[in-house]
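If you're matching positions, the sequence shown starts at 1 in UniProt numbering and goes up one per residue. Backbone N, C-alpha and C define an ideal beta-carbon position, used for all residues, glycine too. Just so we're clear, the structure is a prediction, and the values are computed from it rather than from any experiment. Report on the following structure.
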Amino acid sequence: MSDIENQNNNQQQYSQSQNEEASTKASQISNNGSQEQNIELQQMNNQESQNQNQLQKQNQNQQLEQPVENINEIDIEKQTQIGNLVPQILAIQNNLMPNNLIDSTGYNILHHAVSYNKLNGIIPLIKELKIDVDIFSNTKQTPLNIASNYGFLKIMKALIDLGAKVNHVDDNSFSSLLYAVRMNKTQAVLYLISLGADLNAQDLNGCGIVHWAAYNNNTFLLEFFDRLHLPMNSRDKQGYTPFLRAIFNESQSASQSMNLIFTARQNTITLDTNLDYSRINQILRLDNDQGQQQKATFIHYLYNLVENQRWEELNYVQEDSFCPTCLIVKKERMHHYKTQKKIQLINQIHPEFGDTTPFAEPYWYQNQPSPYYTENHIKFREKVRNFVENEIMPHKEQWLQTGYPIELEKKFYQAGIGGIIYDKKYGGYKPEDFDYFYEQIMIDEIQRSGLNVLGGYTINSLVVPLLLKFGDENIKQNIATQIIKGEKMSVLAISEPYAGSDVANVQTTAHKEGDYYVINGVKKWITGGLNAKYICTLARTGGPGMSGLSLLIIDSELPGVKIRKMETQFDNAHSTTFITLTNVKVHKSMLIGKEGQGFKAIMLNFNHERWIIAIGSVRQARNLYTLSFKYALKRKTFNQPLINHQIIRYKLAQMARQIESCYSQLEMVTNSFNFLDEQALATQCSLLKVNCANTFEFCAREASQIFGGNSIVKEGQGKEVERAVRGARVSNIYGGSEEIMLDLAIRQQIQKVNKQKTNSKI
1 MSDIENQNNN
11 QQQYSQSQNE
21 EASTKASQIS
31 NNGSQEQNIE
41 LQQMNNQESQ
51 NQNQLQKQNQ
61 NQQLEQPVEN
71 INEIDIEKQT
81 QIGNLVPQIL
91 AIQNNLMPNN
101 LIDSTGYNIL
111 HHAVSYNKLN
121 GIIPLIKELK
131 IDVDIFSNTK
141 QTPLNIASNY
151 GFLKIMKALI
161 DLGAKVNHVD
171 DNSFSSLLYA
181 VRMNKTQAVL
191 YLISLGADLN
201 AQDLNGCGIV
211 HWAAYNNNTF
221 LLEFFDRLHL
231 PMNSRDKQGY
241 TPFLRAIFNE
251 SQSASQSMNL
261 IFTARQNTIT
271 LDTNLDYSRI
281 NQILRLDNDQ
291 GQQQKATFIH
301 YLYNLVENQR
311 WEELNYVQED
321 SFCPTCLIVK
331 KERMHHYKTQ
341 KKIQLINQIH
351 PEFGDTTPFA
361 EPYWYQNQPS
371 PYYTENHIKF
381 REKVRNFVEN
391 EIMPHKEQWL
401 QTGYPIELEK
411 KFYQAGIGGI
421 IYDKKYGGYK
431 PEDFDYFYEQ
441 IMIDEIQRSG
451 LNVLGGYTIN
461 SLVVPLLLKF
471 GDENIKQNIA
481 TQIIKGEKMS
491 VLAISEPYAG
501 SDVANVQTTA
511 HKEGDYYVIN
521 GVKKWITGGL
531 NAKYICTLAR
541 TGGPGMSGLS
551 LLIIDSELPG
561 VKIRKMETQF
571 DNAHSTTFIT
581 LTNVKVHKSM
591 LIGKEGQGFK
601 AIMLNFNHER
611 WIIAIGSVRQ
621 ARNLYTLSFK
631 YALKRKTFNQ
641 PLINHQIIRY
651 KLAQMARQIE
661 SCYSQLEMVT
671 NSFNFLDEQA
681 LATQCSLLKV
691 NCANTFEFCA
701 REASQIFGGN
711 SIVKEGQGKE
721 VERAVRGARV
731 SNIYGGSEEI
741 MLDLAIRQQI
751 QKVNKQKTNS
761 KI
């Protein structure tokens with residue numbers, strides 16, 4: 001609209017230049033301090049201006065009546081810019097210029113006539129000269145767009161009578177209706193809507209008529225649009241809702257009006273996680289009256305959300321994004337109350353559960369508040385604890401020697417635990433309120449047994465998502481469902497003697513012969529291989545590098561498959577195996593996804609595996625702390641309990657400090673899993689795994705120091721510590737070694753920084 005504004009400015013230049021001399025004289029008299037002369041001269045100045053305006057109108061009327069002898073001597077554009085359309089009309093009539101000519105201002109005669117509100121007098125000429133009523137300006141504005149922008153209702157009606165189109169949009173994607181709403185021309189808006197104007201029109205920024213009405217503080221239009229049942233919570237391309245547009249423009253009455261609308265309709269106002277709230281911060285932190293009013297309006301809006309338990313909207317608002325009086329609660333996991341225009345958090349405090357030894361259980365087990373866990377989480381925790389106590393602990397010593405039976409997986413499923421992360425369509429029983437804290441609780445409780453009985457679940461949780469995401473319906477129904485229900489076991493066979501962390505260096509080959517793949521190679525350190533029915537194998541179907549790798553499912557009973565147990569330094573509850581594949585023929589239907597996509601597929605689940613390892617490591621560290629604390633209470637040296645020695649208390653404090661720090665980090669990542677794609681959390685999962693695995697190792701060493709000689713024998717009161725000392729090392733190796741994880745975390749951030757630099761240059 002810059003062209004129209006320039007013409008308005010030019011239109012004022014004439015009268016301003018005529019009054020310049022008189023204004024100068026008035027200024028001089030004022031400086032001399034003569035008030036009476038000042039008033040008198042001002043009156044003279046006003047009278048002179050009126051006379052000049054009348055003279056100008058007379059000249060224009062004479063020009064309309066008298067023919068022009070030489071049209072070429074007239075500066076048409078200059079005359080047009082001061083509102084005199086006669087020369088251009090005459091030039092068209094005398095065939096000296098085309099009737100639809102666009103001049104250097106980007107307008108033709110019709111655009112000028114509309115912008116100066118002079119259309120009605122030349123309507124007969126428009127018809128006679130056959131001027132296109134929808135002609136575009138240089139920015140593709142039609143005359144109706146311009147009339148709507150100024151709210152010239154009579155001209156709009158005249159243009160419609162001449163056949164103007166209602167829903168044309170210009171280069172900025174503005175329709176006539178959007179122009180009228182943006183410029184607060186209410187009557188024009190109502191008229192255009194009555195003509196069938198598009199109510200869903202949006203500009204290039206994705207702002208619709210509701211956004212502009214809120215931005216312009218037009219409460220009448222907001223209520224009118226609400227009666228038309230227009231969406232009041234839609235987001236523009238920047239992610240802003242109409243309510244936030246009102247806040248940004250400090251439109252208090254519009255904000256309050258929208259609050260009333262949402263209260264009446266019980267609607268939802270959607271907020272976005274990616275919004276930049278700096279503008280809101282500025283408004284809410286203002287100390288002036290306007291800032292306080294806006295703050296009160298926004299707090300009223302928050303009250304409305306909280307009182308109506310509209311938790312989804314509140315969930316996306318971060319506490320640190322607003323002033324201290326605007327603390328936000330999250331989901332139904334918190335209660336609320338308000339005092340003196342403040343929203344205060346009331347955290348759920350749950351009854352004590354489990355071992356009451358300090359730090360023996362997570363903090364929320366012991367009367368500590370937490371925003372993460374609901375009553376359903378608590379019930380699920382009790383279910384898993386009962387399963388561990390009844391189905392695992394009585395057999396612990398036996399399974400340490402023989403390994404746990406495969407039947408445990410089916411019991412695990414039948415107890416309502418094993419299939420909790422899977423949809424019902426494929427045999428799972430994911431609850432409606434499922435989040436990753438359910439899975440965290442399950443893993444934590446099972447690892448409390450101190451046995452590696454969770455290995456089967458861990459591997460299945462890596463294989464099954466691959467089958468469900470990339471496999472065909474046959475694989476999903478006939479293989480994935482069996483694994484989910486605990487009827488069959490699976491393993492993920494990736495590592496090889498010369499391809500551990502360097503996955504892209506896999507040497508196992510799968511050559512296609514007709515309808516089959518013939519697979520040759522070896523797989524090493526494969527957890528759970530002895531009980532596995534299905535081996536999800538990464539093999540090379542193409543050239544070198546990651547693009548040549550594919551995933552195939554191999555039935556362990558096929559000819560050419562040989563599995564043997566590998567002896568390890570940790571417990572035997574879950575086997576570690578070496579798998580040899582010799583000319584194993586696998587049907588092409590067992591290909592997961594497409595050829596060459598194997599590496600990409602397995603990368604999807606690595607973060608989830610590292611998260612599981614971190615949960616188990618924290619719980620194992622907690623077990624070691626608990627054993628050490630209880631041992632220090634009863635073991636006496638130098639005629640006093642170990643706990644009385646400062647160095648022992650120091651060791652226990654260091655163990656507890658690291659355990660609680662890791663658990664807090666773990667909860668943060670778990671909560672992020674609920675809202676972000678796992679692939680976006682590679683850095684967080686890598687650092688979490690390293691922290692938790694190192695804490696496990698640290699606690700194993702410190703527990704060994706506290707137990708002394710009892711920790712180096714496989715029997716007696718120190719046998720749990722002895723086994724943990726042997727097993728702690730593995731957490732820092734499998735699933736990605738400590739060094740690989742730390743390097744990955746920093747490389748990810750370097751890539752992010754480089755990308756930001758590239759974008760800033762663009």
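The continuous stretches of beta strand (DSSP E) do not include LEU230, and DSSP gives it neither H nor E. Look at VAL169 here: in three-state DSSP terms it is strand. Beyond the five residues adjoining it in sequence on each side, ARG540 comes within less than 8 angstroms, by CB distance, of VAL506, GLN507, THR508, THR509, ALA510, GLY548, LEU549 and SER550 in the same chain, given in chain order.
Taking each of GLY354, ILE563 and ASP423 in turn and checking the Cα distance to THR580, the smallest one comes out for ILE563. As DSSP reads the structure, ASN376 sits in no beta bridge.
If you ignore the 5 residues before and after PHE599, its C-beta comes within less than 8 angstroms of the C-beta of VAL503, ALA504, LEU538, MET546, SER547 and LEU549, all in its own chain and listed in chain order. Annotation for ILE123: ALA158 and LEU162 place their beta carbon closer than 8 angstroms to its own, counting only its chain and skipping 5 residues before and after.
Check the Cα spacing between ILE378 and each of ALA415, ASN583 and PHE437: the tightest is with PHE437. By alpha-carbon distance to LYS651, the top candidate from VAL690, ASN117, ALA700 and VAL669 is ALA700.
Of SER501, TYR498, ILE592 and GLY543, the smallest CA-CA separation from ILE535 is found for ILE592.
By the C-beta criterion, the stretch 437-451 is judged to be in contact with the stretch 373-393, since at least 3 inter-stretch pairs fall below 8 angstroms. Close CB contacts of ASN205 within its chain, under the 7 angstroms cut and outside five residues either way in sequence, are with ASP236, LYS237 and GLN238 (chain order).
Contact check between the stretch 657-675 and the stretch 738-749: fewer than three CB pairs, one atom from each, fall below 8 angstroms, which does not count as touching.
Burial check for GLY735: the Cβ neighbour count within 10 Å reaches 16 or more, so the residue is buried. With 16 or more other CB atoms across the displayed protein chains lying within 10 angstroms of its CB, ASN452 is buried.
Comparing alpha-carbon positions, the option among TYR215, GLN398, GLU678 and PHE470 lying closest to ILE612 turns out to be GLU678. In the DSSP assignment, HIS587 falls within the unbroken beta strand (DSSP E) covering 576-587. One thing to note: ASP555 has its Cβ no nearer than 8 angstroms to the Cβ of LYS523.
Bridge partners of ARG540 according to DSSP: THR509 and LEU549. The three-state reading of DSSP puts THR683 in helix, counting H, G and I together.
Here DSSP, grouped into helix, strand and coil, assigns LYS562 to strand. Take the alpha-carbon of PHE174 and the one of CYS685: they are about 46 angstroms apart.
Beta-bridge partners of ASP555 (DSSP): TYR534. The beta carbons of TYR426 and ILE484 sit about 6 angstroms from each other, so the pair counts as a contact at 8 angstroms. Two segments are said to touch when three or more pairs of C-beta atoms, one from each, lie closer than 8 angstroms; by this definition the stretch 692-711 touches the stretch 640-658. The three-state secondary structure of GLY709, taken from DSSP, is helix. Taking each of GLN569, SER194, SER661 and GLY543 in turn and checking the Cα distance to VAL725, the smallest one comes out for GLN569.
If you draw a straight line from the Cα of TYR631 to the Cα of LEU467, it is about 47 angstroms long. In summary, GLY543 is exposed, with fewer than 16 beta-carbon neighbours lying within 10 Å of its beta-carbon over all protein chains present. Only buried fits TYR373, as 16 or more other CB atoms lie within 10 angstroms of its CB.
By the C-beta density criterion, LYS689 is buried, having at least 16 other C-beta atoms within 10 angstroms. Assignment of LEU624 by DSSP, reduced to helix, strand and coil, places it in the helix class.
In the three-state DSSP reduction, SER661 falls in the helix class (H, G or I). With a beta-carbon spacing of about 6 angstroms, GLY196 and VAL166 fall inside the 8 angstroms limit used to define contacts. Beta-bridge annotation (DSSP): ILE750 is not paired with any residue. Assignment of TYR413 by DSSP, reduced to helix, strand and coil, places it in the helix class.
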